[in-house]
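*Asks:*
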Amino acid sequence: MRNTSMTFPSRLTMRTVVRNVAPPVALALGLWAASAFGRIPVPGTVVPITLQTFVLMVGALLLPTRQATAGVACYLAMGAVGLPVFSGGGSTAALLGPSAGFLLGFLPAAAVTAALRHAVDGAVAPRSSASSRPADAPRQAAMRGVRRTAGYLAAAVLGCIVVSYLCGFVVQAAVLHLPLGAVAVPGLAFLPGDLAKAVAATLMVAAVRR
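Residue 544, in the working numbering, is where the sequence shown stops; the numbers in between run on with no holes.
Set out below in structure tokens:
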């Protein structure tokens, strides 16, 4: 009898492979592209402004926690093996320099943001209620949209700004042998731009996930 069984597990189809692998790879490539798309020096700090934080926010708000962290891990691994994926064409040395904390901080930042976004989705999910009236459905949907958008913004700020800054400033102070305040105060010059990125990323993702 001819054996018609597949050599791969039945669930390991091309579709599932693409669905699980493509998003993290796309995030890694997006971070690489953002690092190459110009860099703006900030006086008083060795870390330039790039679009990486925006790409990280979008990826972490769109993807499940596992895929978001896998994408960042892939990006960091590319740099660790010598590919010039970091800002200014940097690679391995960047993971040992003053900006190392910001790069390595992408990992917990993505994890925290994605986890908070998942919690927000669960909190604002529609729930059936015997007392709800069909006429109230549009208003309730609008309120869920407002709460979802606000929750996404909080997730982006807490994960991709607070966590990222904390990791970046601590490592930068240690590498440069400076007090934490000496690197944190100039580094706050990034805050207005990062808040604007958080708003833009939130509105984009909220529109996609509507």
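For every residue, glycine included, the Cβ atom is placed at its ideal position computed from N, Cα and C.
Quick check on Leu390: buried or exposed, where buried means 16 or more other Cβ atoms within 10 Å of its Cβ?
*Replies:* Locating residue 390 in the sequence shown gives position 56, where the first residue counts as 1. Flag for Leu390 reads buried.
*Asks:* Using 8 angstroms as the Cβ pair cut-off and three pairs as the minimum, do the segment 426-434 and the segment 469-485 touch?
*Replies:* no
*Asks:* Would you mind listing the alpha helix (DSSP H) stretches within the segment 383-443 that are 4+ residues and don't spill past its ends, in chain order?
*Replies:* 386-396, 399-414 and 434-438
*Asks:* Round the Cβ separation of Phe420 and Ser369 to the nearest angstrom and send it over; I've been treating them as touching at under 8 angstroms.
*Replies:* Here residue 420 corresponds to residue number 86 of the sequence shown, with the count starting at 1. Here residue 369 corresponds to residue number 35 of the sequence shown, with the count starting at 1. Correct: roughly 6 angstroms between the Cβ atoms.
*Asks:* Which residue marks the beginning of the alpha helix (DSSP H) containing Cys501, and which one marks its end?
*Replies:* In the sequence shown, counting from the first residue as 1, residue 501 sits at position 167. It spans Ser498 to Leu510 - the alpha helix (DSSP H) in which Cys501 sits, taken as one unbroken run.
*Asks:* Just checking my contact of Ala443 with Val497 at CB under 8 angstroms: how many whole Å lie between their CB atoms?
*Replies:* Taking the first residue of the sequence shown as 1, we reach residue 443 at position 109. Taking the first residue of the sequence shown as 1, we reach residue 497 at position 163. Contact flag correct, Cβ pair sits at about 5 angstroms.
*Asks:* Near Val504, which residues of its chain fall below 8 angstroms by C-beta distance, leaving aside the five closest residues on each side in sequence?
*Replies:* Your numbering for residue 504 matches position 170 in the sequence shown. If we look at Val504 and ignore the five residues flanking it on each side, its Cβ neighbours are Gly435 and Leu514.
*Asks:* With C-beta atoms as the reference, is Gly485 less than 8 angstroms away from Val458?
*Replies:* Indexing the sequence shown from 1 puts residue 485 at position 151. Indexing the sequence shown from 1 puts residue 458 at position 124. Between Gly485 and Val458, the CB-CB gap stays under 8 angstroms.
*Asks:* Does the segment 385-402 come into contact with the segment 353-372, if we say contact requires no fewer than three beta-carbon pairs (one atom in each stretch) closer than 8 angstroms?
*Replies:* yes
*Asks:* To the nearest angstrom, how far is the alpha carbon of Phe440 from that of Ala471?
*Replies:* To locate residue 440, count along the sequence shown from 1; it is residue 106. To locate residue 471, count along the sequence shown from 1; it is residue 137. The straight-line gap from Cα to Cα measures roughly 39 angstroms.
*Asks:* Please look up how many angstroms separate the CB atoms of Thr387 and Asp528, rounded, as I've assumed it's under 8 angstroms.
*Replies:* On the sequence shown, residue 387 is found 53 positions in, with the first residue counted as 1. On the sequence shown, residue 528 is found 194 positions in, with the first residue counted as 1. That pair is a contact at about 6 angstroms.
*Asks:* How many angstroms separate the CA atom of Gly456 from the CA atom of Ala535?
*Replies:* Here the question's residue 456 lines up with position 122 in the sequence shown. Here the question's residue 535 lines up with position 201 in the sequence shown. Distance between the alpha carbons of Gly456 and Ala535 is about 20 angstroms.
*Asks:* Apply the 10 Å Cβ neighbour rule to Gly413 and answer buried if 16 or more other Cβ atoms are within range, or exposed otherwise.
*Replies:* Locating residue 413 in the sequence shown gives position 79, counting from the first residue. So Gly413 ends up on the buried side.
*Asks:* Just the Cα atoms here: how many angstroms apart are Ala530 and Val539?
*Replies:* Position 196 of the sequence shown, counted from the first residue, corresponds to residue 530. Position 205 of the sequence shown, counted from the first residue, corresponds to residue 539. Cα to Cα, the separation comes out at about 14 angstroms.
*Asks:* Using the DSSP secondary-structure output, state which residues sit across from Ile495 in a beta bridge.
*Replies:* Your numbering for residue 495 matches position 161 in the sequence shown. Beta-bridge pairing links Ile495 to no other residue.
*Asks:* What residue range is occupied by the uninterrupted alpha helix (DSSP H) comprising Leu487?
*Replies:* In the sequence shown, residue 487 corresponds to position 153, counting from 1. Counting along the chain, the alpha helix (DSSP H) containing Leu487 begins and ends at Ala471 to Ala490.
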